[in-house]
Amino acid sequence: MKYEIKRFKDNQVAAKIVENGNLHIKIRGNTYEDLFKVAAVKDAWDADIENKCNISILTIYCLIGQRSDRRFHPNESFDLKIISKFINSMKFDKVEILHPHSAVSLALINNSTEISCFEYVKQAYNKIENPVLVSPDAGAYKTTHYFAEKLNADIIPSNKVRINGIPQIKIQGNVSQKNCLIIDDLADGGRTFKLLASELKKQGANKVFLYVTHAQFNFGFRELKESINHIFCTNSYKDIDDDFVTQYKVV
Ligand SMILES: O=P(O)(O)OC[C@H]1O[C@H](OP(=O)(O)OP(=O)(O)O)[C@H](O)[C@@H]1O
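Once you know that position 210 of the sequence shown is 210 in full-length UniProt numbering, the rest is easy, because the numbers rise by one and skip nothing.
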């Protein structure tokens, strides 16, 4: 199937189906505009009676709002719920989501399944000499443990705790002389990884690498370069042009 999207002068988007068939839309999905474009295409596709027996799939590489997987305060909006309701209103037969921040996305979005990031982690792992995997917090432990089993690699858990409001890193293992590969779902500013990488180096780690699926890095790489040797990520959030970063193309 084929579709066209046009934009009016006031920024309204409209879609037109130019060839019928199964619908498979692939988007970054990290903007509300992306989701509205999808809604326009799906509405046009649904309107055509010839598509009634066809299948519709939506692939989202970087789901907007995935971190807001709970109501943080009683007087604040639960953003992932709002976003999920909008996606559910489009009634896709299948929604695929690359490495969601938590299982809440999969619970809230109907017919959803996870696309694993394992193949990208494996590519990063194979670029480094005999690395130990490091999980940066409790949330990342389960996934990193699963990857360690699949790669037959060692895992060292770490935890982020706050003492008098100041984040402190607790590493639960010996990293002396080791190459470390920190694995997590996303980097926003990257402060979590900067702190962890400096602590790993302080405890004698040889080199420290970072893998994240969704690479925002909103404050650039200058400070991260002080303690991290190289970053591996996908381009699910944006394209990055920097020798410090290896990006696996998903979109
Ligand atoms: O780049 P940074 O600003 O350091 O942020 C990155 C961290 O933030 C996210 O977790 P989050 O704090 O949202 O996890 P939570 O679900 O435990 O609150 C993500 O999983 C990383 O661990």
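Where is the CB? At the ideal position from N, CA and C, for every residue including glycine.
Quick caveat, the model's predicted, so the values are computed rather than measured.
Per DSSP, what kind of secondary structure is residue i in: helix, strand or coil?
| i | result |
| --- | --- |
| residue 257 | Nothing in the structure corresponds to residue 257, since the chain is present only between 1 and 251. |
| T31 | coil |
| A140 | helix |
| D79 | helix |
| K6 | strand |
| D243 | coil |
| H145 | helix |
| A153 | coil |
| Y61 | coil |
Leaving out the 5 sequence neighbours to the left and right, which residues in its chain are closer than 6 Å to residue i when beta-carbon positions are compared?
| i | result |
| --- | --- |
| F248 | The question names Phe, but residue 248 in the sequence shown is Tyr. Excluding positions up to five away in sequence, the list reads Y120, T234. |
| V95 | L58, I109, N111, S112 |
| S135 | Y141, T144, P157 |
| G204 | S176 |
| Y237 | N30, C62, H214, A215, Q216 |
| S102 | D69 |
| residue 290 | Any property of residue 290 remains undetermined from this structure, which presents the chain solely from 1 to 251. |
| K6 | A14 |
| A124 | Y211, F232 |
Between residue i and residue j, which are expected to be in contact by the criterion C-beta below 8 Å, what is the C-beta distance as a whole number of angstroms?
| i | j | result |
| --- | --- | --- |
| N20 | D48 | 6 Å |
| T144 | L133 | 5 Å |
| L80 | S68 | 5 Å |
| N11 | I55 | Between I55 and N11 the Cβ distance is about 31 Å, and since that is not below 8 Å, they are no contact. |
| I169 | K160 | 6 Å |
| I60 | I27 | 6 Å |
| I155 | L200 | Not confirmed; about 14 Å, so no contact. |
| I87 | L35 | 7 Å |
Going by beta carbon distance, what residues of the same chain come within less than 8 Å of residue i, once the five residues before and after it are set aside?
| i | result |
| --- | --- |
| E50 | N20 |
| A44 | Y3, A15, K16, I17 |
| F219 | G189, G190 |
| S116 | H99 |
What residues in its chain sit with their C-beta under 7 Å from that of residue i, if we drop five residues either side in the sequence?
| i | result |
| --- | --- |
| K194 | E223, L224, S227 |
| K122 | L151 |
Any heavy atom of ligand 2 closer than 7 Å to the beta-carbon of residue i?
| i | result |
| --- | --- |
| K201 | In the structure shown, ligand 2 is absent; the only ligands present are ligand 1. |
For chain B, find out if any of its Cβ atoms is closer than 8 Å to the Cβ of residue i; answer yes or no.
| i | result |
| --- | --- |
| R191 | The question asks about chain B, but that chain is absent: this structure has only one protein chain. |
Please list, in chain order, all residues with a C-beta atom less than 7 Å from at least one heavy atom of ligand 1.
R67, D69, H101, S102, P136, D137, G139, A140, D184, D185, L186, A187, D188, G189, G190, R191, T192, F193
For the segment 182-197 against the segment 139-155, are there 3 or more C-beta pairs whose distance is under 8 Å?
yes
For the segment 222-237 and the segment 201-210, state whether three or more C-beta atom pairs, one from each stretch, are separated by less than 8 Å.
yes
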